[in-house]
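Here is the structure we will look at, set down as structure tokens.
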Amino acid sequence: MTEAFITAVEKFLGVKRTPISITDTWASQSARGSWREDAAGSAVWPMYYDTYYTFDDFRRDYLEKFGKPAYVGPYMRKRWSLAVPFTKEEREQGVAEMKVFRKWFEKNIMGPDPDTITDAVMMMPFGSAAPKYRDDANNLPSIVPTLIVPIGQKPYNSRISGLKEYLPIVSSFVGAHGSDLLLLNLAEAVLKSAGWPTEVKTDREAFAVGDNVRNDLQEDVE
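In short: position in the sequence shown from 1, add 718, done, that's the numbering used here.
So, in structure tokens, the structure goes:
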């Protein structure tokens, strides 16, 4: 189904896809050959540091007022525990490294364009063909506009409800900084051009269940 959506995008835009690996492109230009080695903590240090220390006043005020630490859920408690060892210097280093990566990304992968807003639109895999339960932690946010487009659904047996549920199938567009509206307009135009729905149901399923292009009826993921 994702392949069919990519084909619809190619047909609408009159272009052919250009496969690219950000990891491989970086490695070909790096002395050490790996983004993980070049900047292993670049995004982690600022994110976790700010997640913890932004709440310093809250934790102090709550303790003074109620005489006990504020309760936080297991997800946030885990994030705070990971953040404690990080220093302000590491945070500043991470921010500086991410600025370097952003400049490299805009030069070598895609960047702003004065006429078209973004000089490319990237389509990336998003999620997996398996259920994503609400009690599972979310992935880290990206640094560029990313639009998730629902394109279909797939049945699975839910461990929560014990019933057959329908897992949304999505694809994604990524553009340069500032291309949020462009990506929305592109997605809507592609879906209309292909004759695919531009709206989802406010129900248990995103689309009407049936033997049609919106449903991958191959059973069943857990």
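Cβ coordinates follow ideal geometry from the N, Cα and C atoms, glycine included. Remember, predicted model here, so these are calculated numbers, not experimental data.
V939 burial status per 10 Å Cβ neighbour count (16 or more: buried): Residue confidence is low: V939 scores 45 on pLDDT, short of 50, so the model does not pin down where it sits. Its coordinate-derived value is still stated next. Classification of V939: exposed, given that the 10 Å Cβ count is below 16.
Which whole-angstrom value is the C-beta distance of I869 and F723, which I expect to be below 8 Å? 5 Å
Identified DSSP bridge partners for Q871: P886, N933
Can you check which of these residues, V839, I878, K872, A926, is closest to K897 by C-alpha distance? According to the sequence displayed, residue 897 carries Ser and not Lys. Of the listed residues, the one whose Cα sits closest to S897 is V839.
Reference K806; option with closest CA among G880, K796, A912, Y771: Y771
As an exercise, report each continuous alpha helix (DSSP H) stretch of at least 4 residues that is fully enclosed by the region 720 to 785, in chain order. 720 to 731, 740 to 747, 753 to 756, 762 to 771, 774 to 784
Candidates K910, V727, N826, R922: which alpha carbon is nearest Q747's? N826
Within this structure, are the beta carbons of L899 and L865 separated by less than 8 Å? no
If we call anything under 8 Å between Cβ atoms a contact, is F804 one with W763? yes
Burial state of T836 (16 or more Cβ within 10 Å): buried
Under a three-way DSSP split, which group does D898 fall into? helix
Excluding the five sequence neighbours on either side, which residues of its own chain have a C-beta within less than 7 Å of the C-beta of K786, listed in chain order? none
Does DSSP put V892 in a helix, in a strand, or in coil? strand
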